Structures are given as C-alpha cells and as structure tokens.
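Working notes, beginning with the structure itself.
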Amino acid sequence: MLYKVGSRGALRSLLSSSRAHRSRITTAATRTQSRAIRLTVSRSIRQRSFCSSPASFKGITPGSSDPAPPNPEPNYIGVKQVTEASYISEPEYRDRSEEYINALMAEIERTQEEQGSEVEAEYSAGVLNVVVPGIGTYVLNKQPPNKQIWLSSPISGPKRFDWVVQGDEMTEKEGTRDYVGGQWIYLRDGTNLTDILNAELNLELRAKIHE
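Mapping of the sequence shown onto full-length UniProt numbering: residues 1 to 211, in sequence order.
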C-alpha cells in the first residue's frame, strides 16, 4: 500500500496508525494460538480418559499381587486349639489307643453292613490300613514311644495326634465342644482325629469314644 506524506504530522499519524494495526494483528494471532493450545489439551485429556489402564483385582488369580495363602489349614467345627498334650502313662496309652482303633473298625464294619460301604480295613501289629475305593489308603499307626497315633490320609496328608483331656493346659476357642473323656488332637492346628475320619470316610464315630 502506498501513502503520500505531505508533512511531519501526517507522517507521525501514519506511523501511529501502522503500530496500532500491527498490535491488533499480534493480539488476534495470540488469541488464535491460545485457542489452538486449549483445543489440543482438551483432545489429549479426552484421549487419556478413554485409554485408561485396566483395573487391578488383587487376590483373584494366583499371579496377582495379593494371592490367597497357599494350603490353608482345615477348619473343623467343634475343635479347640491346644498347646500341650495331656499326661498319659504307657499302660493307659496302650488301652486308649487300642480302644480307639477298635471303635474305628467297628464303625467301618457298621457302614459295610448297613450302607453297603466298600471301604475295607485291616489291622495288624498296631497298624490299621483302611482302603477307600477311588480315593486311596488311610494308615493309622500307633506310636508307643511318643504316645501318639499317626495318620496318613490321601486327602489331608500326614498328622500326629496326641492325647488331650478336658481342662488340661488348653487355650480354648469360643463356641467349641469339650474334650469329653479325652481326645486325640493334632496340636499344630487343633484338629480332632475323630472329626477328620468322620468327614473323609463318611463315618459316624461318637465324640465320646473314651468315657
């Protein structure tokens, strides 16, 4: 664009007008650039909101960050937690352990006669083998040196049971039954030999085997 300049005043007026024009152009460009930046930021936020990482479900799978503890101990109803075995003499141990094995064999025979159970039991030299079709062989072994009864179960594994009498050095859990007349107890987790055999062999052994 060509301008004719007739005087200094006209020149100053022209320069002032030119500066104002450039200022308006710069301001407009700045506003346009600001709008473009806001639009870019808005699009970026929307994209991130639709591309969020999947939620983490802790403990649902074995490979998660908070898996369930492996091999949890069984929780049998009617069990007290104990810390020490009760005193039992050698003659009394022989009587009590033999009494228990005989009661178990009698219950297995009852299920054979009344329910047609195919479970077979064989007792010799302090060792009772109980064969359960489709499951495996249970072995109950009397241990006079330790005054214990050992159990090998194809379901719950090996356990060693001590003689515990009601009220002898025990830490009780609320709402559980008493060790009436003495029971064979696994001291590590408080499980009762009778409860395990009843649950796994589908028996109905009495709680008061030892009156």
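Yeah, the Cβ is synthetic: ideal placement off N, Cα and C, and Gly gets one too. From a predicted model like this one, the values you see are computed outputs, not experimental measurements.
{"Query": "Among Thr83, Thr191 and Thr137, the one whose alpha carbon lies nearest that of alanine 121", "Result": "Thr137"}
{"Query": "Meets three-Cβ-pair contact criterion under 8 Å: the region 139-159 and the region 91-103", "Result": "yes"}
{"Query": "Cβ neighbours of arginine 160 in the same chain (closer than 6 Å, five flanking residues each side left out)", "Result": "Gln148 and Trp150"}
{"Query": "Cβ pair glycine 181, lysine 208 closer than 7 Å", "Result": "yes"}
{"Query": "Under the three-state DSSP convention, the category isoleucine 149 falls into", "Result": "strand"}
{"Query": "Collapsed DSSP secondary structure at leucine 201 in the structure displayed", "Result": "helix"}
{"Query": "Exposed unless 16 or more other CB atoms sit within 10 angstroms - verdict on glycine 134", "Result": "exposed"}
{"Query": "Where arginine 94 sits in the DSSP three-state scheme", "Result": "helix"}
{"Query": "Limits of the unbroken beta strand (DSSP E) element including alanine 125", "Result": "Taken as a continuous stretch (DSSP letters only), alanine 125 belongs to no beta strand (DSSP E), as it is neither H nor E."}
{"Query": "Per-residue burial, valine 127 [other beta carbons within 10 Å of its own, 16 or more giving buried]", "Result": "exposed"}
{"Query": "For aspartate 189, the three-state DSSP class (helix, strand or coil)", "Result": "coil"}
{"Query": "Which of helix, strand or coil DSSP assigns to alanine 106", "Result": "helix"}
{"Query": "Extent of the continuous beta strand (DSSP E) run through threonine 137", "Result": "136-143"}
{"Query": "Glutamate 120, DSSP secondary structure in three states", "Result": "strand"}
{"Query": "Any C-beta of chain D under 7 Å from that of serine 152", "Result": "The chain inventory of the structure shown lacks chain D, comprising one protein chain alone."}
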